[in-house]
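Numbered according to my numbering, the sequence shown spans residues 102 to 220.
Where is the CB? At the ideal position from N, CA and C, for every residue including glycine.
Here the structure is a predicted model, which means the values were calculated and not measured.
The structure appears below as structure tokens.
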Amino acid sequence: MGNRGTTFLALAAVILTLGALWYIHRPVIPQETTLAEVEAEAVKGGYRLITTEALAELYRQHRAKVLLVDTRQDWEYRSGHIQGAVNLPLEPTAWSRWRSRGRLAALLGPDQDRLVVFY
Numbered sequence: 102m103g104n105r106g107t108t109f110l111a112l113a114a115v116i117l118t119l120g121a122l123w124y125i126h127r128p129v130i131p132q133e134t135t136l137a138e139v140e141a142e143a144v145k146g147g148y149r150l151i152t153t154e155a156l157a158e159l160y161r162q163h164r165a166k167v168l169l170v171d172t173r174q175d176w177e178y179r180s181g182h183i184q185g186a187v188n189l190p191l192e193p194t195a196w197s198r199w200r201s202r203g204r205l206a207a208l209l210g211p212d213q214d215r216l217v218v219f220y
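See below:
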């Protein structure tokens, strides 16, 4: 009887562990975001949205006053990016954002009037 109980507990522990590991590492389906939600989030955060046409015109006229920051991963940036853009991958973890703070401050520089566009 004692052997059966130990076997049952060991089996239950293995099943619970495997279930917990699956739950933690299961793929998460990203939620689709609407334009209205993006606009509301921008207003809430104090950001301004700009169309690609308006950005292209602004960049053509005032290239020195516009900093384009490509937030995709390094390999995506290397596969093609807007000319003059700098790469600062923004990963969705607090640790990654904390690590990137110094690099972001260096990219922004002292010019407080410079328009910074993240894409």
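_Inter-residue CB distance, residue 204 and residue 189 (contact presumed, cutoff 8 Å)_ = 6 Å
*Can you tell me the Cβ-Cβ gap for residue 186 and residue 175, rounded? I've got them flagged as a contact below 8 Å.*
Not really, about 13 Å apart at Cβ, beyond 8 Å.
*Go ahead and pull the three-state DSSP assignment for residue 175.*
helix
*Per DSSP, which residues does residue 216 bridge with? Please list them.*
167.
_Checking 8 Å against the spacing of the C-beta atoms, do residue 166 and residue 216 come in under that value?_
yes
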